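Student:
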Amino acid sequence: FDKDYQQWLLPHDGYAPLVTKFDSFYTRRLKDRLGDCFSRPTTGVPGRLIKVMMRRFAERRVFAQLEVTGEVRDCINLSSYNYLGFAQSVGQCTDAAEEAIYERGLIAGGTRFNGGCSDMHEETEKIVAQFVGKEVAMLYSMGYATNANFFASIADRHCLVLSDELNHASIRTGLRVAGAVVKVFKHNNMKNLEEMIREHIAQGQPKTHRPWLKIFVVVEGLYSMEGTLCNLPELIKLREKYGIYLFVDEAHSIGAMGPHGRGVCDYFGVDTKNVDILMGTFTKSFGATGGYIAGSKELIERLKVANMANVYAEAPTPPVLAQIQASLKTLMGEINPGEARERLQRLAFNTRYFRLGLLRMGFVVSGHIDSPVIPLMLYHPSKMLAASRLLLKKNVAVVLVGYPATPLLSSRIRFCMSSALKKSDLDYCLQKVQEVGDEIWLRISQQTGKDG
Ligand code: PMP
Numbered sequence: 074f075d076k077d078y079q080q081w082l083l084p085h086d087g088y089a090p091l092v093t094k095f096d097s098f099y100t101r102r103l104k105d106r107l108g109d110c111f112s113r114p115t116t117g118v119p120g121r122l123i124k125v126m127m128r129r130f131a132e133r134r135v136f137a138q139l140e141v142t143g144e145v146r147d148c149i150n151l152s153s154y155n156y157l158g159f160a161q162s163v164g165q166c167t168d169a170a171e172e173a174i175y176e177r178g179l180i181a182g183g184t185r186f187n188g189g190c191s192d193m194h195e196e197t198e199k200i201v202a203q204f205v206g207k208e209v210a211m212l213y214s215m216g217y218a219t220n221a222n223f224f225a226s227i228a229d230r231h232c233l234v235l236s237d238e239l240n241h242a243s244i245r246t247g248l249r250v251a252g253a254v255v256k257v258f259k260h261n262n263m264k265n266l267e268e269m270i271r272e273h274i275a276q277g278q279p280k281t282h283r284p285w286l287k288i289f290v291v292v293e294g295l296y297s298m299e300g301t302l303c304n305l306p307e308l309i310k311l312r313e314k315y316g317i318y319l320f321v322d323e324a325h326s327i328g329a330m331g332p333h334g335r336g337v338c339d340y341f342g343v344d345t346k347n348v349d350i351l352m353g354t355f356t357k358s359f360g361a362t363g364g365y366i367a368g369s370k371e372l373i374e375r376l377k378v379a380n381m382a383n384v385y386a387e388a389p390t391p392p393v394l395a396q397i398q399a400s401l402k403t404l405m406g407e408i409n410p411g412e413a414r415e416r417l418q419r420l421a422f423n424t425r426y427f428r429l430g431l432l433r434m435g436f437v438v439s440g441h442i443d444s445p446v447i448p449l450m451l452y453h454p455s456k457m458l459a460a461s462r463l464l465l466k467k468n469v470a471v472v473l474v475g476y477p478a479t480p481l482l483s484s485r486i487r488f489c490m491s492s493a494l495k496k497s498d499l500d501y502c503l504q505k506v507q508e509v510g511d512e513i514w515l516r517i518s519q520q521t522g523k524d525g
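Mapped onto full-length UniProt numbering, the consecutive letters of the sequence shown carry residue numbers 74 to 525.
(1) Roughly how many whole angstroms lie between the Cα atoms of glutamate 512 and valine 506?
(2) Report back the beta-carbon spacing between residue 529 and isoleucine 288 to the nearest angstrom; my notes put them in contact at under 8 Å.
(3) Tell me the rounded alpha-carbon separation between arginine 462 and cysteine 110.
(4) Is valine 378 buried or exposed, if buried means 16 or more other CB atoms sit within 10 Å of its CB?
(5) At the level of alpha carbons, what is the spacing between histidine 325 and serine 439?
(6) Ignore the nearest five residues each way along the sequence and tell me which others in glycine 247's own chain have a CB closer than 6 Å to its CB.
(7) Buried or exposed for serine 491, going by 16 or more other Cβ atoms inside 10 Å?
(8) My assumption, with CB atoms under 8 Å, is that tyrosine 452 sits in contact with serine 400. Please give the rounded CB distance.
(9) Please list the terminal residues of the continuous beta strand (DSSP E) segment that includes alanine 210.
(10) Could you tell me which residues DSSP puts in a beta bridge with alanine 181?
(11) List the residues that DSSP assigns as beta-bridge partners of threonine 354.
(12) Below 8 Å CB to CB, which residues in the same chain sit around glutamate 238 once its five sequence neighbours on both sides are set aside?
(13) State the Cα-Cα distance for the pair serine 226 and methionine 381, rounded to the nearest angstrom.
(14) Tell me the residue span of the alpha helix (DSSP H) that contains threonine 246.
(15) Apart from the five residues on each side of it in sequence, which residues of its chain come closer than 6 Å, Cβ to Cβ, to aspartate 339?
(16) What number of angstroms, rounded off, separates the C-alpha of serine 444 from the C-alpha of threonine 116?
(17) Is histidine 453 near the ligand PMP, in the sense that its beta carbon is under 7 Å from a heavy atom of that ligand?
(18) Starting from the C-beta of histidine 241, find all residues in its chain whose C-beta is less than 8 Å away, skip the five residues before and the five after it, and write them out in chain order.
(19) Who are alanine 470's beta bridge partners in DSSP?
(20) Using the C-alpha atoms, what's the distance from glutamate 132 back to tyrosine 213?
(21) Does the CB of isoleucine 288 have a neighbour CB from chain B at under 8 Å?
(22) Identify the continuous beta strand (DSSP E) that holds isoleucine 288 and give its terminal residues.
(23) Specify, as a first and last residue, the run of the alpha helix (DSSP H) that arginine 271 falls within.
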């Protein structure tokens, strides 16, 4: 025990210090050792390449500070959300954003409710609704806040929410704020979900006789830590059978999944009318920021007055709206016809090529074959820092994920695929991942490409 530890463990005068350094032994010790995996500063555009600033521990002690060394590395970027390559600095999307700054400035100038509503907002909402296939849509300036504020507008303690165990923190926060009764079902386990529904209502029981005002099932389209897809066809069957409301968070699937990039409904070939609420963000596929809720007119009318993020927070800003419009219009073929198909096909190809490359080399890779999030399992957290630093040295930038975002022994590298990457980039990265895999014993079998 050093002094820091004692100060952290023993409250002063029976009083905990205002800021405890870490909330548990594991997070504290792990964060300390793995610090260099996280919040690594970059500079420049997070496009096909990324400039990563190298760091070192300033001193060898508990709570050691990391300092940048001055060295900047040009890496192939498998670490940024840029599924369709719209985050590049060249291309019409960022040009559109630049024009919007000159014409309309940087800020919205108020909340959507009061002072910050422009024709551009209404126009963008129409495009979003049309793209996702819903009657109307509503925009928010942050994806996290979209979820964190949404549920309180339509649910309360008289409502039951059945939530997938791997749902994003923003959803969990939103459900807490709403005060709804939340039951968590096992990830993607439809049998477990149906059992839970049956525990709470009898089949065929009229909605008016149920002990709940409303029942929601809340899932994500594509899970960002696992790379798994929700079982949408089964969820829709349950929705019909039991008369429940279905909410799908498409933060990672919108733009990235389906032949037209219109998300999981597009991927599974089902009508969007089977999902009551479609939520999504513009941060992963569209090179912008913010989130949306798409649904019926009644729902959106309700959100206009009851959603705190609409009433009290700055509306999305002009350059962001311009970027969203330009990328969506490109995907709908209104700008540069043909470009959408090319971007979508390149993403789909890259995704399968990279995932199959890793599997063929004998790595353990989790998730769906078409998921642009590709987690390579490290399991033990001790491998995280080594994997991250060794790949950086070989000019490959990746994201490391571990406890508490995953169970303690489920650490992983998370590769984010992008249509901006060339096949030669992927071949280079696969080669480097293989070298690192051999250095830190990651491969469970060592097949050659020939028999794979
Ligand atoms: N929902 C999901 C499923 C997410 O993964 C994220 C962010 N990674 C969000 C919501 C929040 O979106 P944003 O980062 O755009 O605020």
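Glycine included, every Cβ here is placed at the ideal spot set by N, Cα and C.
Small disclaimer: the values here were computed from a predicted structure and weren't measured.
Tutor: In this structure, then:
(1) The residue you call residue 512 lines up with position 439 of the sequence shown. The residue you call residue 506 lines up with position 433 of the sequence shown. Looking at the two C-alpha atoms, the distance is approximately 10 Å.
(2) This structure cannot settle anything about residue 529, because the visible part of the chain is limited to 74 through 525.
(3) Indexing the sequence shown from 1 puts residue 462 at position 389. Indexing the sequence shown from 1 puts residue 110 at position 37. Roughly 8 Å separates the two Cα atoms.
(4) To locate residue 378, count along the sequence shown from 1; it is residue 305. Exposed is the call here.
(5) Working through the sequence shown from its first residue, we reach residue 325 at position 252. Working through the sequence shown from its first residue, we reach residue 439 at position 366. C-alpha separation (whole angstroms): 16 Å.
(6) To locate residue 247, count along the sequence shown from 1; it is residue 174. If we look at glycine 247 and ignore the five residues flanking it on each side, its Cβ neighbours are Asn220, Ala221, Phe223 and Phe224.
(7) Taking the sequence shown and counting its residues from 1, one reaches residue 491 at position 418. Buried, by the Cβ-count rule.
(8) Within the sequence shown, numbered from 1, the residue matching residue 452 stands at position 379. Within the sequence shown, numbered from 1, the residue matching residue 400 stands at position 327. The Cβ separation is near 37 Å, so there is no contact.
(9) Taking the sequence shown and counting its residues from 1, one reaches residue 210 at position 137. Start and end: 209-213.
(10) In the sequence shown, counting from the first residue as 1, residue 181 sits at position 108. In the DSSP output, where bridge partners are listed per residue, alanine 181 has none listed.
(11) What you label residue 354 is simply residue 281 of the sequence shown in a count that begins at 1. BP columns for threonine 354 point to Gly364.
(12) On the sequence shown, position 165 is the one that residue 238 refers to. Taken in chain order, the residues that qualify are Val257, Phe258, Lys259 and His260.
(13) For the purposes of this step, residue 226 is taken as residue 153 along the sequence shown, with counting starting at 1. For the purposes of this step, residue 381 is taken as residue 308 along the sequence shown, with counting starting at 1. C-alpha separation (whole angstroms): 8 Å.
(14) Counting from one through the sequence shown, the residue named residue 246 turns up at place 173. 242-251 is the span of the alpha helix (DSSP H), which, as asked, contains threonine 246.
(15) The residue labelled residue 339 in the question sits at position 266 within the sequence shown. Cβ neighbours of aspartate 339 beyond the five flanking positions: Gly331 and His333.
(16) Here residue 444 refers to the residue found at position 371 when the sequence shown is read from its first residue. Here residue 116 refers to the residue found at position 43 when the sequence shown is read from its first residue. Rounded to the nearest angstrom, the two C-alpha atoms are 27 Å apart.
(17) Taking the first residue of the sequence shown as 1, we reach residue 453 at position 380. Not so, every heavy atom of the ligand PMP lies at least 7 Å from the Cβ.
(18) Residue numbering aside, residue 241 sits at position 168 when the sequence shown is read from its first letter. The answer, listed in chain order, is Asn220, Glu293, Ser297, Asp322 and Ala324.
(19) Your numbering for residue 470 matches position 397 in the sequence shown. Asn150.
(20) As a first step, residue 213 must be located in the sequence shown, where it is residue number 140. As a first step, residue 132 must be located in the sequence shown, where it is residue number 59. Going from the Cα of tyrosine 213 to the Cα of glutamate 132 covers about 43 Å.
(21) No chain B appears in the structure shown, which is made up of a single protein chain.
(22) Residue 288 sits at position 215 when you count from the first residue of the sequence shown. Here the beta strand (DSSP E) through isoleucine 288 covers 288-293.
(23) For the purposes of this step, residue 271 is identified with residue 198 of the sequence shown, where counting begins at 1. From DSSP, the alpha helix (DSSP H) with arginine 271 extends over 263-273.
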